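Below is one structure; the comments refer to it alone.
Number of protein chains: 2
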Amino acid sequence: VSGGTAPISKLGEFALIERARTLLGNESDPRVLVGIGDDTAALQPTQGKILLVTCDTQVEGTHFRRDRMSAHDLGRRAAAVNLSDIASMGGAPTFALVSLSLPPDFPLSDFDDLFRGIGDQFRAFSAKVVGGNLASTAGGLVLDITLLGEVAPNQILTRSGARPGDRICVTGSLGASAAGLRAIERFGEAAETFFPELVRAHRLPSPRVLEGQEIARSGIATAMIDVSDGLAADLLHLCDASRVGAVVHMERVPVCRELLPAAERLGESPEILALSGGEDYELLFTARAGPETDETLRQIADACGVALTIIGETVPKEEGTWIVHPDGRRTPLTAQGWNHFR
Amino acid sequence: VSGGTAPISKLGEFALIERARTLLGNESDPRVLVGIGDDTAALQPTQGKILLVTCDTQVEGTHFRRDRMSAHDLGRRAAAVNLSDIASMGGAPTFALVSLSLPPDFPLSDFDDLFRGIGDQFRAFSAKVVGGNLASTAGGLVLDITLLGEVAPNQILTRSGARPGDRICVTGSLGASAAGLRAIERFGEAAETFFPELVRAHRLPSPRVLEGQEIARSGIATAMIDVSDGLAADLLHLCDASRVGAVVHMERVPVCRELLPAAERLGESPEILALSGGEDYELLFTARAGPETDETLRQIADACGVALTIIGETVPKEEGTWIVHPDGRRTPLTAQGWNHFR
């Protein structure tokens with residue numbers, strides 16, 4: 070399979086579907102009764118599991134620019150965003166549909182790279198593309214991925230299970246993706262030289278799929294959400310759904326090594342980046358307080374090779390939502406999350 | 070809920086999601102553990118059933134024009150196209166995700182009508198919207214719907230089960246949607262006065278959901294597909310997948326009352342419209358030959374109130390695919406289906 074600079078309009082719809090099928094390189098799977106190429110995929114679900122379904126759209130000009138993100142990275146990123154949603158319920162990803170609206174002059178080589186990126190990311194977490202749709206558009210590229218997953222009924226985590234007095238925990242570090250995006254906007258290609266970790270966090274987020282399943286399996290967690298709109302906004306979503314308040318200790322919020330120097334060079338507040346930057350795709354969860362939880366968090370962190378940090382605790386709803394700063398000051402926690410329509 | 074001419078950008082993403090949830094008016098359902106408003110829907114599947122998943126995209130400028138189709142019709146149509154795909158496997162539709170990319174100046178009243186249309190169409194077949202995605206776009210509207218369904222393992226029908234000597238059958242009539250579209254293009258608003266049935270077939274296709282389940286349950290059918298690309302193209306898909314040939318008798322292909330006068334006024338061939346028009350969303354299926362099949366077809370037609378017509382028979386693959394014309398002439402059956410990229 071070799072693309073070159075030819076446009077996709079050189080091939081017909083069915084040839085492109087065949088090409089995508091080859092690029093995705095699915096091995097045969099007894100759970101897939103009907104896969105790519107038919108109108109409808111037919112799948113054998115695992116008996117006794119709850120079915121998870123999510124979708125997420127990447128729109129050219131809104132979520133990405135083709136001159137700033139390679140087709141391979143775009144494919145990986147779109148898959149990662151969906152994987153993160155399944156991870157946030159403690160689920161295991163299973164099957165995906167890829168719906169792609171493309172301008173007729175879209176280069177065939179980018180089409181190939183896009184599907185390679187999608188396939189690479191899903192394969193890393195044992196998920197398979199089993200269908201989708203290709204359409205032509207006079208507008209920009211729109212990539213909509215639907216991902217299915219499974220979770221045992223006694224392990225599913227939602228946003229609504231937190232109780233006052235729970236620990237608030239987060240995987241990995243925060244603010245890196247937003248700082249990476251701002252660095253790319255400011256420094257262009259050079260951003261990667263200055264701040265490789267931040268640029269990578271933006272272009273290729275690591276969905277916490279295994280971590281989410283370990284957290285769900287451990288039994289210590291009471292609620293979970295993934296950080297897509299920003300720590301503050303997503304914690305408020307969790308608090309709303311659980312009807313609790315929260316206190317977050319700013320100095321405990323984990324940030325990566327490159328964030329402070331990058332924030333300084335960009336003239337941005339590292340605290341705001343960490344609290345409200347968004348697109349971190351880390352997991353934010355609450356867990357019962359107690360020594361058992363501390364020990365379990367250590368075990369999961371060791372097993373997955375990722376930091377798990379307690380950043381605060383939930384409180385009764387009437388006590389509100391607060392940030393405690395290093396100097397002891399408390400300020401209200403407010404959402405500065407993404408709002409695509411304002 | 071009242072929309073008016075205000076643009077959707079007056080509301081934020083979360084307010085629009087709440088609005089969509091209200092417009093869809095879902096009743097509570099014990100199978101929906103987590104529904105609209107969360108990142109991921111969590112569903113209780115029916116034990117022992119096969120899971121069906123399909124998606125279809127309606128792109129402004131490619132599949133519809135906003136000045137020629139109301140938002141309500143667009144919503145209904147997008148839902149209908151997906152319902153037809155689930156019907157083609159003999160499945161019962163269950164749950165849907167709606168992914169919508171919208172320009173910020175999209176009128177709120179159209180947003181409301183779009184979701185009302187989606188809700189109305191799905192409700193008619195007991196399917197529920199349980200999630201989705203809203204995104205902003207600088208391009209035109211892109212509506213991508215993913216629909217889940219279920220079917221018993223011994224009832225699923227695919228494209229690949231036909232054997233030589235089977236009867237080729239079709240529900241309803243063919244060519245009306247394509248004729249309706251051409252009438253709208255030619256006569257504008259007046260098309261509805263001249264050819265109400267054709268315009269309706271184009272704007273509001275009737276997915277054959279109950280018919281599909283009855284055909285699957287009856288045990289007489291060997292393969293099934295829905296007619297979206299046109300009878301000829303979709304029959305060739307079925308023949309390819311089943312490794313059979315086919316003979317179709319042109320005079321038996323069912324067309325609606327308005328097709329002949331419309332074709333004459335439009336200067337189009339009614340045969341070509343019926344064979345290759347596309348977007349009929351009828352079911353095309355093969356059934357074992359024999360008196361039992363004839364009797365069962367009559368029963369299903371009576372029960373569903375829709376015509377079921379035998380239009381030909383499958384033959385060994387090496388005999389090819391043919392149309393027999395009323396004068397006895399045979400011409401090769403060729404696909405004239407839609408190809409969105411050429």
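Order-wise, the sequence lines are chains H and E.
Residue numbers 70 to 411, in this note's numbering, belong to the letters of the first sequence in order.
Residue numbers 70 to 411, in this note's numbering, belong to the letters of the second sequence in order.
Think of the CB as a built atom: it goes at the ideal place given N, C-alpha and C, for glycine as much as any other residue.
All values derive from a computational prediction rather than experimental measurement.
Asked: Is the beta carbon of G347/H less than 8 Å from the beta carbon of D396/H?; Found: no
Asked: Would a check of beta-carbon distances place I86/H closer than 8 Å to chain E?; Found: no
Asked: What's the call for D309/E, buried or exposed, on a 16-neighbour Cβ count within 10 Å?; Found: exposed
Asked: Hey, how far is the Cα of E387/H from the Cα of F264/H?; Found: 42 Å
Asked: Return yes when the Cβ of F191/H is within less than 8 Å of the Cβ of A23/H, no when it is not.; Found: Within the shown structure, residues of chain H are numbered from 70 to 411, placing residue 23/H beyond reach of any answer.
Asked: Run through the DSSP bridge pairs and tell me what D295/H is partnered with.; Found: L352/H
Asked: By Cβ distance, which residues of its chain are closer than 6 Å to G389/H, with the 5 residues on each side in sequence left out?; Found: G314
Asked: Report the residue ranges of all beta strand (DSSP E) runs contained in full by the segment 329 to 395 of chain E; include only those spanning at least 3 residues, in chain order.; Found: 352 to 356, 377 to 385, 390 to 393
Asked: Whole-angstrom Cβ separation of T115/H and M158/H, contact assumed at under 8 Å?; Found: About 15 Å; that fails the 8 Å criterion.
Asked: Hey, does D154/H have any beta-carbon neighbour from chain E nearer than 8 Å?; Found: yes
Asked: Note down, in chain order, all residues in the segment 104 to 122 of chain E with a beta-carbon under 9 Å from any beta-carbon belonging to chain H.; Found: G106, D107, D108, T109, A110, A111, L112, Q113, P114, Q116, G117, K118, I119, L120, L121, V122
Asked: Buried or exposed for Q282/H, please, with buried defined as at least 16 other CB atoms from any protein chain shown within 10 angstroms of its CB.; Found: buried
Asked: Take F83/E as the anchor and find which of A285/E, F354/E, G144/E, S205/E has the nearest alpha-carbon.; Found: S205/E
Asked: I'd like the list of long-range same chain contacts for A332/E, defined as Cβ closer than 7 Å, with 5 residues on each side in sequence excluded.; Found: A248, S338, P339, L342
Asked: Can you list, in chain order, the residues of the segment 290 to 303 of chain E whose Cβ is nearer than 8 Å to any Cβ on chain H?; Found: I294, D295, S297
Asked: For the segment 134 to 141 of chain H against the segment 193 to 205 of chain H, do three or more pairs of beta-carbon atoms, one drawn from each stretch, fall closer than 8 Å, so that the two count as touching?; Found: no
Asked: I want to know whether the segment 143 to 156 of chain E touches the segment 91 to 109 of chain E - three or more CB-CB distances under 8 Å.; Found: no
Asked: Can you name the start and end residues of the alpha helix (DSSP H) that S287/E belongs to?; Found: 278 to 287
Asked: Would you mind telling me which residues of chain E sit closer than 8 Å to A149/H, beta carbon to beta carbon, in chain order?; Found: None at all; the shortest Cβ gap to chain E is about 14 Å.
Asked: Just the Cα atoms here: how many angstroms apart are S170/H and V128/E?; Found: 8 Å
Asked: Which residues in the same chain have their Cβ closer than 7 Å to the Cβ of E320/E, if we skip the five residues on either side of it in sequence?; Found: P395
Asked: I want to know whether the segment 227 to 247 of chain H touches the segment 220 to 239 of chain E - three or more CB-CB distances under 8 Å.; Found: no
Asked: So, at 6 Å on beta carbons, what are the nonlocal neighbours of V150/E in its own chain, with the 5 sequence-adjacent residues on each side left out?; Found: D125
Asked: Given a cut-off of 8 Å on the beta-carbon distance, is the pair D303/E and S153/E in contact?; Found: no
Asked: Between A156/H and P276/H, is the Cβ-Cβ spacing less than 8 Å?; Found: yes
Asked: From what residue to what residue does the beta strand (DSSP E) around E219/H run?; Found: 211 to 220
Asked: Would you kindly work out how many angstroms separate the C-alpha atoms of E96/E and D349/H, rounded to a whole number?; Found: 35 Å
Asked: Which residues does DSSP pair with Q127/E in a beta bridge?; Found: L212/E
Asked: Alpha carbon to alpha carbon, how far is S78/H from L212/H?; Found: 18 Å
Asked: Tell me whether A75/E sits in a helix, a strand or coil according to DSSP, three-state version.; Found: coil
Asked: State yes or no: is the C-beta of L92/H within less than 8 Å of the C-beta of D181/H?; Found: yes
Asked: Of all Cβ atoms in chain E, is any one closer than 8 Å to the Cβ of A207/H?; Found: yes
Asked: Of the residues that make up the segment 190 to 206 of chain E, which ones have a beta carbon closer than 9 Å to any beta carbon in chain H?; Found: V199, G200, G201, N202, L203, A204, S205, T206
Asked: Name the one or two DSSP bridge partners that F164/H has.; Found: K197/H
Asked: Below 8 Å on the Cβ atoms is my contact criterion, and I expect A161/E with I187/E to pass it. Report the Cβ-Cβ distance as a whole number of Å.; Found: That belief does not hold up - the Cβ atoms of A161/E and I187/E are roughly 18 Å apart, past 8 Å.
Asked: For G209/H, I'd like the list of residues in its chain whose CB is within less than 6 Å of its CB, leaving aside the five on either flank, ordered along the chain.; Found: E129, G130
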